[in-house]
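Taken in order, these protein sequences are the chains called A and B.
Residue numbers for the first sequence follow the numbering used here, so the first one is 411 and each next one is one higher.
Residue numbers for the second sequence follow the numbering used here, so the first one is 76 and each next one is one higher.
I have placed the structure first, in the form of structure tokens, so that the comments after it can refer back to it.
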Amino acid sequence: MEPEPRKSSTRRLTIVAQDPSVTINNRILTTQVEVPAEFLARGPCGSRVHVIDYDSSTGTLYEPFAYPVNPEGALEDPFSRPNKRTVMTNPGFHAQNVYAIVMRTLGRFEYALGRRVSWGIPGHQLKVAPHAFADANAFYSREDECLAFGYFPGEKDMVFTCLSHDVIAHETCHALIDGLRHHFMTPSSPDQAAFHEGFSDIVALLSVFALRDVVHALLDRPTGAEAGLAQSPEGLIKRSSVTMEALKHSVLLGLAEQMGQELSAVRGRALRQSALLSPAGSYMKDPAYMEPHRRGEILVAAMLNAFIRVLSERLRGLGSVSENYLNRGRVAEEAADCAAYLLTMSIRALDYVPPVHLDFRDFLSALLTADHEIRPDDSRYQYRDSLRQSFDRFGITPGAASYAGVPTPDGLWNRFDDTGFNYDCVHFEDLGRDRDEMFRFVWEHRERLALAPDAYTEIVSLRRCHRIAPDDGFPLRETVAECRQRVQLTAAELQPLYGIEKPPDMPASLQLTLHGGTTLIFDEFGRVKFSISNSILNRERQADHLRYLWKYGYFDKGASLRQRFSRIHLRRSMDLAKDIEEEW
Amino acid sequence: MKPCDTPANRPDTAPRPSKTTVRSYQVGFGDCFLLSVHYDDNPDIGTRHILIDCGSTAMPKYKPVRSLRDVADNIRSVTGGKLHGVVATHRHKDHIGGFAGAAGDIIMALQPEVVVQPWTEDPTAQVDARAPVPASRKGLHAATLMNMQKVADCALQEVRSRKGAIASGVRDQIEFIGDDNLSNKDAVENLAAMANGNNHYVHYGMTSGLEEVLPGVTIHVLGPPSLEQSDQVLSQRSRDADEFWHFQAAAGRSAASQKRLFPKADICSTRQKGRLPIETRWFLPRLDRIRGEQLLQIVRSLDHAMNNTSLILLFEVGRRKFLFAGDAQIENWEYCLKTASDRQSVLRLLEDVDFYKVGHHGSLNATPKTLWNLFRKRNKTDSPERMSTVVSTMGGKHGSDSRGTEVPRRKLTDALKEETDYLTTQTLRGKDAFFHQQEFDAWV
């Protein structure tokens, strides 16, 4: 097949807006999304995604989907306004659905970070199996370089996880976080284990909220006891339906219910649980919230509450169309814009988190700082203020205030004081693209950067970003370097070498590896703006990690990464809250 | 827990048990215990025999090769042809398999007068597992257990029909665990019939029903909790788990049928010719491997859930206490140890246990540390007061050393060896070595 002529850098493909349970007038709600207009081989197989429709439960390999080409030689969307039969029974549509949503999610990351973003796999093309097995599960596997989506018979129809927007976005997000912070899949702390799940849920939900069609359709759809009540006139929505409480009930809980239904077998109603979680500072220390998926719900709840707060403020400023009514389209647009902005903020925060041992406090400071760098004035919609307050109500205070020395105003990371740094021998151009040049710089300044002098040190990633500031349109150029360190030692050496307290019953001869590192953010002139560090030399935090890992048995139990997400999702579905303290 | 008729407050005229014998049978990977209570001062009562479980998923291979029928024959012999009670802790094959087939016929003929099982086995709770929403919570739970057995059945069918695709080591484990979780219909029917309807389906705090055949003995039912009791520790999430097994059973049926998902869709033409397309050759075997590991995870999970329906019984015979916990794991223990309003009295009861049948063949999570720490009669030096422990197990069948999940768990058996009079059925070899026998004077 000849490559198609490129007339546009994007093309529009039809997807299921949320999942087949969300219908309007008995028609499954679909929408079109923009994806890069790349050459697609059979599969479809593009530069970043290869859909392979193999069902391992029956050993069936379906014929790869091939796009029709119009007389001008361009690929066409063959599924515009599909009927239910096409959505439910055409594997070609399923292939398109996963391809488009995975690419859209990747596109959101690339847009937010201002550069190409790699998967957490060695290769470039993530394999996606839309009907991988008959099972109520879907997951990312780094070892197998794939996303695998299961299917199972529901009460009426077959339930395809590959048709659920939020499930696809969630799994894609695992692959992207893994590409940005490889170490976050390593056992470290309850927060780090929960972060993958919670953050992926945030991205999945905000991705769905950012679809105007979905919000438009579900904004004030009555649920539960109110299901029989009359709705607003066509094109309008009651002002009383967009107060903070009403939005929480309709947009969050309403959509959560819509999204739950049969997929609860896969997701265990995670979204519903998050939406129902009332703010309280006690969750973070509650043993019931030590399980990764349950702890992740705290992060999701904090983010969703901030979203509702900002949205309700934005809607208060909208003019009424008639007495007590607002324009429904404008409300949906505001909601979609608000979700899109928070989604961008969340993704950008990933550049500002430390490379190892993440906790929710670090993430909050990263969220605030990354946004502050590109949009210093927060007075218009007060995203940062709302986030800080919402996280605070869930017991999460900014990391920058609690252990980085001097508490910082607004919860931002401390700007790095590079006084006395020697930039004389630095080749600025090479610093952003040559890991050896970056290592040389880091090595020169290892003491000021709080790196352990005798640890094995490496620059594990070096990324240049180019983002456009939303307020003034000027570009923000940054270079992000991830520097990781590790030290191998015995438990007996913890105290004498690093002053780290050994967990009381840990054998002195036990071989350990301590991990540490710093994320360096350089400005466009090659000067260090931020050094976001979780150093090996931070004895309190290292002791905390060791206690956690020892308590939860990570030193004596092997675990395959292949099954990590599969296992976590299974546990979430089955409500297995493992009490490891009781085990042998 | 309601006030018990404890030995201390019993009238002097009540029959006094004098001695207890525990026989721990060698059944490979399974459980079979014969608890015999002797009434030397009451010849009319004589000795009362209670069989606690009889099943195996892997009998020992060494000679003389025995079957459960041989074990049942031996039970007939040592009981003199009469059983007074039967306890079936839960429905796994390695605990009730011996109540079916030739062994089952022998045990039926011993005419037990009472059969005790967990409340989850109550036939009035059994419903159509395929019904979308069973009418009651109890029905929903029963449906979940049936769904789990269906999942096990389907997993076995799937691995057998996809033989070449799933690695033999993984397949063996799925078959071993899956087989244990299949519906044991014959055994269940025999248990329902063997005591002429004198069946007791019990939960925490209930009277066991064994009291009628064991005069002067107090029996505490410590688990499983009933649904209402479980509700105190669980939330909406447990209902999600019921739903999960409902859909998982449906998924299993779909896979086991081996019918194509899209019968009208085109199949890859290269594959039809017996070859894999070049671009899929790396990935397809990996997806097959994922599927194998995933099936293993699922059968392990349902095995775990089924174990938590196990009865936990504490027998007080004179001053001695005997704890039989079946395969109960942490979630089952949690109610009596941490949640029940009267748990303080339970904790006191457990402090001076004399004999402990180690839970779930010595797995890592069936002897909660909280329970272990309660036992006051642990002692690093040998003494007449030291507690006895027995594990009925077979190494190399369950879990793996590298993951720290081996059964029996080495850390646990090390502690048992160090601090208790420890026996394992694994040491029983030879033609006369049917069981370990331990005797406990009731009043010493």
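Backbone N, C-alpha and C fix where the C-beta goes; we use that ideal spot for every residue, glycine too.
Bridge partners - residue i, DSSP secondary structure assignment
i	result
T923(A)	Q898(A)
E892(A)	S871(A) and T929(A)
T499(B)	V466(B)
D516(B)	K94(B)
A604(A)	For A604(A), which the question treats as bridged, DSSP gives no partner whatsoever.
D106(B)	G130(B)
Y431(B)	L398(B) and T464(B)
L536(A)	V459(A)
L557(A)	V538(A) and Y550(A)
P446(A)	T420(A)
L886(A)	R877(A)
V292(B)	V392(B)
P597(A)	DSSP, once it has assigned bridges, lists no residue as partnering P597(A).
Y964(A)	DSSP output for Y964(A) lists no bridge partner at all.
F510(B)	Y100(B)
Limits of the beta strand (DSSP E) - the one that residue i falls within
i	result
G121(B)	G121 to A133
E644(A)	Where E644(A) is concerned, there is no enclosing beta strand (DSSP E), given that its DSSP letter is neither H nor E.
I425(A)	T420 to V426
R395(B)	R395 to F399
Y791(A)	First-last for Y791(A): undefined, no H or E at that position.
S941(A)	V938 to N944
N274(B)	N274 to V277
Delimiting residues of the alpha helix (DSSP H) encompassing residue i
i	result
I462(A)	Neither: I462(A) is in no alpha helix (DSSP H) and is coded neither H nor E.
A759(A)	R738 to A759
P863(A)	Taken as a continuous stretch (DSSP letters only), P863(A) belongs to no alpha helix (DSSP H), as it is neither H nor E.
H782(A)	F770 to I784
M568(A)	Premise fails: M568(A) lies in the beta strand (DSSP E), M568 to F570, not in any alpha helix (DSSP H).
L956(A)	R949 to K961
T829(A)	Premise fails: T829(A) is in no alpha helix (DSSP H) and is neither H nor E.
P501(A)	P501 to L523
P198(B)	Where P198(B) is concerned, there is no enclosing alpha helix (DSSP H), given that its DSSP letter is neither H nor E.
Q192(B)	Segment V189 to P193 is the beta strand (DSSP E) holding Q192(B); no alpha helix (DSSP H) there.
V263(B)	K260 to A268
Residue i: contacting residues in chain E (beta-carbon distance under 9 Å)
i	result
P563(A)	Any reference to chain E falls outside this structure, whose protein chains are A and B.
Minimum C-alpha distance to residue i - residue among the options
i	options	result
D378(B)	L185(B), D255(B), P139(B) and E196(B)	D255(B)
Q347(B)	L471(A), P906(A) and R951(A)	L471(A)
T582(A)	D567(A), L557(A) and H592(A)	L557(A)
R850(A)	I869(A), Q792(A) and Y793(A)	I869(A)
Y735(A)	R951(A), V625(A) and R649(A)	R649(A)
V897(A)	A614(A), D696(A), H925(A) and M713(A)	H925(A)
E233(B)	Q192(B), L491(B), P198(B) and R328(B)	R328(B)
E391(B)	R98(B), H295(B), G272(B) and T282(B)	H295(B)
V426(A)	R495(A), A451(A), G469(A) and P478(A)	R495(A)
N274(B)	R235(B), E196(B), L336(B) and R350(B)	E196(B)
A217(B)	A316(B), S477(B) and E409(B)	A316(B)
P135(B)	G291(B), A508(B) and N117(B)	A508(B)
V613(A)	N824(A), P808(A), V710(A) and S551(A)	V710(A)
Y693(A)	R803(A), L646(A), L797(A) and L721(A)	R803(A)
G105(B)	I241(B), T499(B), Q512(B) and G239(B)	T499(B)
A447(A)	V432(A), A546(A), G483(A) and E888(A)	G483(A)
H837(A)	E934(A), A759(A), R758(A) and L907(A)	E934(A)
Supposed close pair residue i, residue j - CB separation, criterion 8 Å
i	j	result
I511(A)	A579(A)	6 Å
E743(A)	R622(A)	6 Å
L439(B)	E993(A)	5 Å
Q501(B)	M469(B)	7 Å
A388(A)	S466(A)	Lying outside 411 to 994, the shown extent of chain A, residue 388(A) is not represented and no answer is given.
F475(A)	Q442(A)	In fact, because the Cβ distance is near 18 Å, the residues do not count as touching under 8 Å.
If we count Cβ pairs, one from each stretch, closer than 8 Å, do we get three or more for the segment 947-966 of chain A versus the segment 879-887 of chain A? No contact exists between the segment 947-966 of chain A and the segment 879-887 of chain A.
For the 8 Å Cβ check, are there 3 or more pairs between the segment 586-596 of chain A and the segment 752-766 of chain A? yes
So, does the segment 269-288 of chain B touch the segment 176-187 of chain B, judging by three or more C-beta pairs under 8 Å? Contact holds between the segment 269-288 of chain B and the segment 176-187 of chain B, because three or more Cβ pairs, one in each stretch, are under 8 Å apart.
Measuring CB atoms only, is the segment 396-406 of chain B touching the segment 474-491 of chain B, in the sense that at least three cross pairs come out at less than 8 Å? no
Flag this pair as touching only if the segment 322-337 of chain B and the segment 555-569 of chain A have three or more C-beta atom pairs under 8 Å; answer yes or no. yes
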